[in-house]
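A.B. asks: After the structure tokens below, expect a handful of questions from me.
Protein chains: 2
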Amino acid sequence: MELFVEHGYERTTTADIAARAGLSERTYFRHFPDKREVLFDATHLLDSLVVDGIAAAPADVAPLDALGGGLHAGAVMLDGLGDHARARTAVIASQAELRERELAKMSGLVAASAAALVQRGVDEAPALLAAEAGVAAFRVAFERWVSTPAGPPLPDVVDAVLAELRAVVAPA
Amino acid sequence: MELFVEHGYERTTTADIAARAGLSERTYFRHFPDKREVLFDATHLLDSLVVDGIAAAPADVAPLDALGGGLHAGAVMLDGLGDHARARTAVIASQAELRERELAKMSGLVAASAAALVQRGVDEAPALLAAEAGVAAFRVAFERWVSTPAGPPLPDVVDAVLAELRAVVAPA
DNA sequence: GTCTATAGTCCGATAGAC
DNA sequence: GTCTATCGGACTATAGAC
């Protein structure tokens, strides 16, 4: 992150990163499959929080509500990271290949969330749709939170955006 | 596509592709910014169909219904491509970097759809949420259609999945 | 750790179309 | 005369094979 913030992502080579860590470039690629992944290594933590939150919901809770609880838990964690999360987001936004990887990670969160809903007894089709819609709302909420540093905390934004989602998707 | 199907994507070099087209590798990169993009060059056609479909909806139609009309129009086109669309999807599914690019293109469709909804007078926040949810449903429908070659045509699947989305996101 | 292939950029040169 | 398409060569970084 120091190198990326100081010189920019694309002008930082994998050799630079390895040198800063006191390692050889080859060893860098032993820890990370490619250059981008160093920025996404911790995303599995978010996945775990969301999945655990889904599993912790009472049995009679609707799929999107169970997911909402998991996303809320993930939002609490990200909100705690504060400026670090915003700095990381700025680096990712600066480069198309990083934005692509970010989308792939969100897709992984969708899959993990859907699986956790299926685990609760939800059928696969509605589980996948609830996961897609819920994570999309989470992504929208995160963007809104990042762009308003003086605004409300992320968990509140997530809850609000989920409510907006329900309103706009509501059957006529 | 011939080279990708015959030898696989990663064992086909940009030099191979250029040679098959009777061009130099350098000229390949004049037409496409990177190796993957050759598989996604036509995606703007889908964007146009969806955007035009949104614009063509009557003024009193709800955001997600307007988007549904656009997605339906796009689905008619893709359904017509039939086996070619399925072959292309198989190539993309075979490689992580291609799946990432596909997600990026879908993200572009979300942005274009949201802009078309705003053009209709919808506020930005609900426009973005409707676009995210609707395109997610479209993606789910496409996957279902690809995996069931003997199943119903894509436009029908899209309509069905959009209805499923409404049911699972419906306010309690 | 070494060695190598591939992707992708930069520079410049050429030639036909309008 | 400008625009667009082509090609060639040298170069770097990423990434994989061994």
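Listed in order, the protein sequences are those of chains A and B. The C-terminal residue of the first sequence carries number 172 in the numbering used here, and the numbering is unbroken. The C-terminal residue of the second sequence carries number 344 in the numbering used here, and the numbering is unbroken. For each residue, glycine too, the CB sits at the ideal point set by N, CA and C. Model, not experiment: these values are computed from the prediction.
Could you tell me the alpha carbon to alpha carbon distance between A:A114 and A:A130, rounded to whole angstroms?
C.D. replies: The alpha-carbon atoms of A:A114 and A:A130 are separated by roughly 8 Å.
A.B. asks: If you follow the alpha helix (DSSP H) that B:R208 is part of, which residue opens it and which one closes it?
C.D. replies: Taken as a continuous stretch (DSSP letters only), B:R208 belongs to no alpha helix (DSSP H), as it is neither H nor E.
A.B. asks: DSSP state of B:Y181, grouped into three classes?
C.D. replies: Of the three classes helix, strand and coil, the one that applies to B:Y181 here is coil, per DSSP.
A.B. asks: Nearest to B:W317 by alpha carbon, out of B:D213, B:R258, B:G242, B:A190?
C.D. replies: Among B:D213, B:R258, B:G242, B:A190, the Cα nearest to that of B:W317 is on B:R258.
A.B. asks: A:P171 touches chain B at which residues, Cβ-Cβ below 8 Å?
C.D. replies: Near A:P171 (Cβ distances below 8 Å), the residues of chain B are R338, A339, A342.
A.B. asks: B:R260 and B:M173: beta carbons closer than 8 Å?
C.D. replies: Against a cut-off of 8 Å, the Cβ pair of B:M173 and B:R260 comes out as a contact.
A.B. asks: State the Cα-Cα distance for the pair A:I17 and B:P205, rounded to the nearest angstrom.
C.D. replies: Those two C-alpha atoms are separated by around 26 Å.
A.B. asks: Look at the Cβ atom of A:V169, then the Cβ atom of A:H72, and state whether they are nearer than 8 Å.
C.D. replies: Against a cut-off of 8 Å, the Cβ pair of A:H72 and A:V169 comes out as no contact.
A.B. asks: Could you work out which residues of chain A lie near B:S279, taking near to mean beta carbons separated by less than 7 Å?
C.D. replies: Those are L103, listed as they occur along chain A.
A.B. asks: Can you give me, in chain order, the residues of the stretch 284 to 313 of chain B that have a beta carbon less than 7 Å from any beta carbon in chain A?
C.D. replies: Answer set for the stretch 284 to 313 of chain B: A297, P298, L300, L301, A302, E304, A305, A308, A309, V312.
A.B. asks: Answer with yes or no whether the minimum CB distance from B:E272 to chain A is below 8 Å.
C.D. replies: Cβ-Cβ to chain A under 8 Å: yes for B:E272.
A.B. asks: Counting only beta-carbon atoms, is B:P230 nearer than 8 Å to chain A?
C.D. replies: For B:P230, the answer is no, since every Cβ of chain A falls outside 8 Å of its Cβ.
A.B. asks: Taking the alpha helix (DSSP H) that B:T186 falls in, what are its first and last residues?
C.D. replies: Run containing B:T186: 186 to 192, per the alpha helix (DSSP H) assignment.
A.B. asks: If B:P327 sits next to B:A214, beta carbons under 8 Å apart, how far is it from one beta carbon to the other, in whole angstroms?
C.D. replies: Going by Cβ atoms, the distance from B:P327 to B:A214 rounds to 19 Å, so no, they are not a contact pair.
A.B. asks: At 4 residues or longer, and completely inside the stretch 212 to 263 of chain B: list those alpha helix (DSSP H) runs for me, N to C.
C.D. replies: Listed in chain order, the complete alpha helix (DSSP H) runs (minimum 4 residues) inside the stretch 212 to 263 of chain B are 215 to 228, 235 to 253.
A.B. asks: Comparing alpha-carbon positions, which option in B:G180, B:A276, B:D232 lies nearest B:E119?
C.D. replies: Residue 119 of chain B cannot be examined here, being either before or after the span of chain B that is shown, 173 to 344.
A.B. asks: Compare the C-beta of B:L236 with all C-beta atoms of chain A and state if any pair is closer than 8 Å.
C.D. replies: Taking Cβ atoms only, chain A reaches closer than 8 Å to B:L236, which makes this a yes.
A.B. asks: Quick one: what's got a C-beta closer than 6 Å to A:E57's C-beta in the same chain, skipping five residues either side?
C.D. replies: Looking at the sequence shown, residue 57 of chain A is not Glu but Ala. Closer than 6 Å at the Cβ level, and outside the excluded window around A:A57, lie A66, G69.
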